[in-house]
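In what follows, a single structure is set out as structure tokens and then discussed.
Residue numbers (the numbering used here): 121 to 530.
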């Protein structure tokens with residue numbers, strides 16, 4: 121219905137095109153009810169003057185041929201590239217009363233009506249150039265609708281592989297850094313219309329599915345924090361289906377880029393990310409290790425627990441504290457020995473008072489018999505410890521043990 125409506129708008133004869141489409145559907149064997157539903161979706165929303173050069177009458181033509189007639193000859197000249205020549209012809213169409221957005225809709229309709237045509241490559245070239253132009257002119261909803269249709273067509277099971285790839289490349293053409301930044305700016309703009317923000321976000325998700333590599337490169341080089349955040353959100357929305365591809369960038373020498381990639385993988389909340397994140401839990405930069413702890417803390421797998429226990433030996437106090445807190449939330453008795461070492465101030469890694477107190481709280485949350493025994497042991501060291509801050513750990517352990525016994529009696 122949308123394709124027929126777009127065709128009718130572009131040709132300036134919405135009712136005529138809709139009636140012709142309905143007749144063709146009936147001839148092809150569609151039921152009257154199905155034809156009626158499609159016809160209702162084709163109700164004209166805009167009527168334009170037909171571009172000059174279109175014959176008012178003549179032999180019947182297919183909808184695809186009518187779109188080609190509207191666009192005019194599309195053979196590139198020897199002096200111009202395909203895109204330049206095509207855009208020049210599109211400009212002529214626009215000057216005759218048809219806007220760039222309407223020509224884009226007509227081109228996309230042509231692809232949807234006849235995606236196997238041998239001229240699909242040229243139509244895709246024109247779409248690539250025009251889609252970026254339409255976005256820059258502020259009609260992002262028209263571009264988003266075009267991407268929606270192209271995505272749907274590219275996923276058709278009956279489409280030849282070459283045509284599917286060419287259409288997918290047309291969608292991915294919007295992954296150029298300048299176009300991505302335009303869309304990102306729109307998606308996070310407080311002053312933009314809600315419809316434009318939603319359309320920009322929709323385009324980013326569709327483009328990201330076809331162009332993860334360019335999006336990751338923009339993420340690596342983007343200096344604006346708000347833009348980086350929005351790009352991480354977009355990549356996060358599609359991370360689930362592209363974990364190995366995204367994880368391949370964890371070896372990048374830029375710590376801040378690796379941290380962002382870890383954040384994207386963490387947003388997928390899938391066990392499949394754990395083998396990759398095992399590398400970054402030992403990364404040379406504490407900030408990357410911290411992001412890794414955040415990424416795995418929501419995963420219930422035993423491997424995730426083992427990684428968190430390993431993080432208790434981190435040199436960075438924030439990382440040890442976050443790991444201990446995350447373990448406490450899991451209520452997994454497997455982690456008790458590691459927490460016992462930390463609470464007692466033993467072992468490797470950072471053993472500041474704050475992280476030891478966090479270990480005491482984690483043991484209290486786990487609340488197992490082994491955890492209670494460890495708390496009693498730490499509490500019993502009060503007289504052997506020197507310094508007021510050190511005694512604080514023993515007092516916290518004693519209080520935690522008392523709470524557990526009280527809860528058990530009630």
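Quick reminder that beta carbons are idealized off the backbone N, C-alpha and C, glycines included. Predicted model, so just to flag it, every value in this text is computed and none were measured.
Residues near residue i in its chain [Cβ-Cβ closer than 7 Å; skip 5 each side]
i, result
"residue 492", "521, 524"
"residue 321", "307"
"residue 140", "none"
"residue 240", "231, 283, 286"
"residue 469", "432, 433, 434, 435, 440"
"residue 474", "437, 441"
"residue 399", "370"
Beta-carbon proximity list for residue i, same chain, < 6 Å, skipping 5 on both sides
i, result
"residue 479", "444, 459, 462, 463"
"residue 247", "227, 290"
"residue 279", "235"
"residue 495", "483, 517, 520, 521"
"residue 501", "514"
"residue 423", "394"
Residues of its chain near residue i, where Cβ-Cβ distance is below 8 Å and the 5 sequence neighbours each way are ignored
i, result
"residue 358", "325, 328, 329, 332"
"residue 428", "413, 416, 417, 443, 446, 447, 450, 455"
"residue 499", "514, 515, 517, 518, 521"
"residue 315", "261"
"residue 404", "375"
"residue 425", "447, 450, 452, 454, 455"
"residue 184", "Confidence at residue 184 is low in this model, with a pLDDT of 49, below 50, so its placement is unreliable and the value that follows should be read with caution. Answer for residue 184: 230, 233, 234, 237, listed in chain order."
"residue 406", "434, 435, 436, 438, 439"
Inter-residue spacing [alpha-carbon to alpha-carbon] between residue i and residue j
i, j, result
"residue 516", "residue 435", "23 Å"
"residue 225", "residue 319", "15 Å"
"residue 287", "residue 244", "6 Å"
"residue 511", "residue 340", "46 Å"
"residue 430", "residue 371", "21 Å"
"residue 305", "residue 347", "7 Å"
"residue 170", "residue 250", "For residue 170, the predicted structure reports a pLDDT of 35, less than 50, and the residue's modelled location is therefore unreliable. A value from the coordinates is still provided. Those two C-alpha atoms are separated by around 20 Å."
"residue 373", "residue 408", "12 Å"
"residue 477", "residue 438", "13 Å"
"residue 65", "residue 488", "Nothing can be reported for residue 65: it is not among the residues displayed for the chain, which extend from 121 to 530."
"residue 282", "residue 351", "30 Å"
"residue 271", "residue 220", "20 Å"
"residue 256", "residue 362", "29 Å"
"residue 298", "residue 338", "10 Å"
"residue 410", "residue 222", "49 Å"
"residue 365", "residue 253", "30 Å"
"residue 396", "residue 277", "33 Å"
"residue 466", "residue 481", "17 Å"
"residue 472", "residue 264", "53 Å"
"residue 146", "residue 379", "58 Å"
"residue 457", "residue 349", "38 Å"
"residue 531", "residue 292", "No answer is possible for residue 531: it lies beyond the span of the chain, which begins at 121 and ends at 530."
"residue 295", "residue 421", "36 Å"
"residue 355", "residue 342", "14 Å"
"residue 149", "residue 142", "11 Å"
"residue 509", "residue 389", "38 Å"
"residue 242", "residue 267", "17 Å"
"residue 497", "residue 490", "11 Å"
"residue 309", "residue 275", "31 Å"
"residue 152", "residue 313", "40 Å"
Nearest residue (CA-CA) to residue i, options the options
i, options, result
"residue 393", "404, 381, 403", "381"
"residue 383", "364, 353, 372", "353"
"residue 535", "433, 432, 509, 385", "Because the chain here runs from 121 to 530, residue 535 falls outside it and cannot be looked at."
"residue 367", "497, 336, 350, 348", "336"
"residue 360", "369, 391, 378", "391"
"residue 526", "484, 241, 298", "484"
"residue 334", "300, 402, 495", "300"
"residue 401", "241, 433, 387, 277", "433"
"residue 317", "258, 147, 242", "258"
"residue 345", "377, 396, 471", "377"
"residue 303", "509, 151, 323, 149", "323"
Check: residue i C-beta below 8 Å from any heavy atom of the ligand MG
i, result
"residue 141", "For the structure depicted, the ligand MG is absent and the ligand set is empty, with no information on it obtainable."
Ordered list of alpha helix (DSSP H) runs contained in the region 376–449, each at least 4 residues: 394–400, 406–416, 422–430
Beta strand (DSSP E) segments (min. 3 residues) lying fully within the region 336–383: none
Segments assigned alpha helix (DSSP H), at least 4 residues, entirely inside the region 452–493: 456–463, 473–486
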